[in-house]
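Numbering (this note's numbering), first residue to last: 376 to 750.
No residue lacks a Cβ here, since even glycine has one placed at the ideal position from N, Cα and C.
Data block below; observations after.
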């Protein structure tokens, strides 16, 4: 709050400087997206749109280190990897202000709105300060909106990309919906090292960064058992190295040679090679689900507490399994995400049966077989 009060005290000078900078052409753009993997993948259409609209401008992305490999191979893109917490408090805001001044950015587009990311570009003298505005901003953030040169409020139940499209269209930028990732040179070798047998294969995500969304070991075990009993497909457990204990617990209970543990075997920019090989992927609203969607893998997604109208896999072969008749659903939104269940039941996950999930995955296999069948 003190930072906002100081901004009001200096408002005449800051506003005068901002007006004087309006004629500055777009030469150096900073895109701020400090959220996690899925959000960064959903930001790749924005990167493509900015590059198309301003081909001669230098484009830099300020992002969380965890998403580095999502944009690592984008040609000509500068990256600044910093966790969002690095800019908290007075010291963090001063560090952000130095970063902006050193970069001499004339245009700042914020996809991860917070007080620091709205005040610092104003103080740094950026000519254009654009941002998406959260669905329900708090009083302090709402008061800071005047520091933006342009903002667009996200409406409840609206696809975030549609909100951004309205904002960017006012500046001659046409936003598409196609996500992008460039594979690492090592991707093919990583896939070969897995020794995945020929034939059909289904991937299963074993966890989520937000534990509120996880299916849990018992449900995943039952899903695996049902899929193995009803199909000839191999099953591939997918996750980071930290998910290996969960994968081992699942594998020990399923006990099948057709179950393959791929957790920790792929970097993020290698994983698309595996996902492209799959006939389907089963997951929750997590980064790997969006990665599978990016490479057009058929998906079954258990949406859990999230509102898929705001952000979702947009592919043509996506089956969403959502809770029915729950008064608490949805409770997780793009700009307001809880980390625990306020009812203590996780009913949005627990009410979804393993049979529902397995049947949906089997329907993807059937549809794929029909699509490939000779006429």
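For my contact list, residue i and residue j are in at a C-beta cut-off of 8 angstroms; report their separation, rounded to the angstrom.
i: residue 663; j: residue 677; result: 13 angstroms between Cβ atoms; not a contact.
i: residue 735; j: residue 694; result: 5 angstroms
i: residue 471; j: residue 418; result: Rounded, the Cβ-Cβ distance is 19 angstroms, inconsistent with contact.
i: residue 634; j: residue 599; result: 6 angstroms
i: residue 458; j: residue 477; result: Going by Cβ atoms, the distance from residue 458 to residue 477 rounds to 19 angstroms, so no, they are not a contact pair.
i: residue 442; j: residue 415; result: 4 angstroms
i: residue 532; j: residue 682; result: 7 angstroms
i: residue 406; j: residue 434; result: 7 angstroms
Under the rule that 16 or more other beta-carbon atoms within 10 Å means buried, what is residue i, buried or exposed?
i: residue 627; result: exposed
i: residue 475; result: buried
i: residue 479; result: exposed
i: residue 588; result: buried
i: residue 545; result: exposed
i: residue 586; result: exposed
i: residue 385; result: exposed
i: residue 699; result: exposed
i: residue 717; result: exposed
i: residue 387; result: exposed
i: residue 672; result: buried
i: residue 719; result: exposed
Quick check on this structure: which residue in the options has the alpha carbon closest to the alpha carbon of residue i?
i: residue 421; options: 547, 514, 467 and 382; result: 547
i: residue 644; options: 447, 377, 428 and 393; result: 447
i: residue 561; options: 706, 648, 452 and 713; result: 648
i: residue 653; options: 610, 499 and 464; result: 610
i: residue 517; options: 537, 607, 545 and 488; result: 488
i: residue 500; options: 399, 632, 470 and 557; result: 399
i: residue 639; options: 393, 566 and 409; result: 566
i: residue 519; options: 415, 379 and 702; result: 379
i: residue 502; options: 659, 620, 579 and 401; result: 401
i: residue 403; options: 382, 430, 389 and 646; result: 430
i: residue 498; options: 521, 509 and 510; result: 521
i: residue 632; options: 656, 604 and 618; result: 604
i: residue 689; options: 462, 569 and 537; result: 537
i: residue 412; options: 606, 646, 463 and 726; result: 646
i: residue 606; options: 655, 618 and 726; result: 655
i: residue 554; options: 568, 445, 601 and 456; result: 445
One question on the structure: do residue i and residue j come within less than 8 angstroms of each other, judged by their Cβ atoms?
i: residue 650; j: residue 637; result: no
i: residue 436; j: residue 454; result: yes
i: residue 675; j: residue 732; result: yes
i: residue 534; j: residue 507; result: no
i: residue 742; j: residue 687; result: no
i: residue 622; j: residue 581; result: yes
i: residue 550; j: residue 424; result: yes
i: residue 556; j: residue 669; result: yes
i: residue 376; j: residue 515; result: yes
i: residue 512; j: residue 504; result: no
i: residue 493; j: residue 465; result: no
i: residue 558; j: residue 613; result: no
i: residue 708; j: residue 409; result: no
Express the C-alpha separation of residue j and residue i in angstroms, rounding to a whole number.
i: residue 467; j: residue 526; result: 24 angstroms
i: residue 739; j: residue 724; result: 21 angstroms
i: residue 630; j: residue 460; result: 42 angstroms
i: residue 679; j: residue 608; result: 26 angstroms
i: residue 748; j: residue 574; result: Confidence in residue 748 is poor, its pLDDT being 47 and thus under 50, which makes the residue's placement unreliable; the coordinate value appears in the next sentence. Going by the C-alpha atoms only, they are around 15 angstroms apart.
i: residue 595; j: residue 452; result: 39 angstroms
i: residue 391; j: residue 427; result: 31 angstroms
i: residue 642; j: residue 571; result: 17 angstroms
i: residue 481; j: residue 597; result: 54 angstroms
i: residue 714; j: residue 469; result: 29 angstroms
i: residue 394; j: residue 490; result: 21 angstroms
i: residue 591; j: residue 583; result: 10 angstroms
i: residue 530; j: residue 701; result: 22 angstroms
i: residue 616; j: residue 473; result: 36 angstroms
i: residue 737; j: residue 722; result: 24 angstroms
i: residue 449; j: residue 685; result: 26 angstroms
i: residue 541; j: residue 711; result: 21 angstroms
i: residue 726; j: residue 665; result: 23 angstroms
i: residue 706; j: residue 564; result: 41 angstroms
i: residue 658; j: residue 396; result: 47 angstroms
i: residue 463; j: residue 456; result: 15 angstroms
i: residue 618; j: residue 601; result: 22 angstroms
i: residue 704; j: residue 568; result: 42 angstroms
i: residue 620; j: residue 593; result: 14 angstroms
Quick one: is the Cβ of residue i within less than 7 angstroms of any heavy atom of the ligand COA?
i: residue 720; result: Ligands in the displayed structure: none, and consequently the ligand COA is not present.
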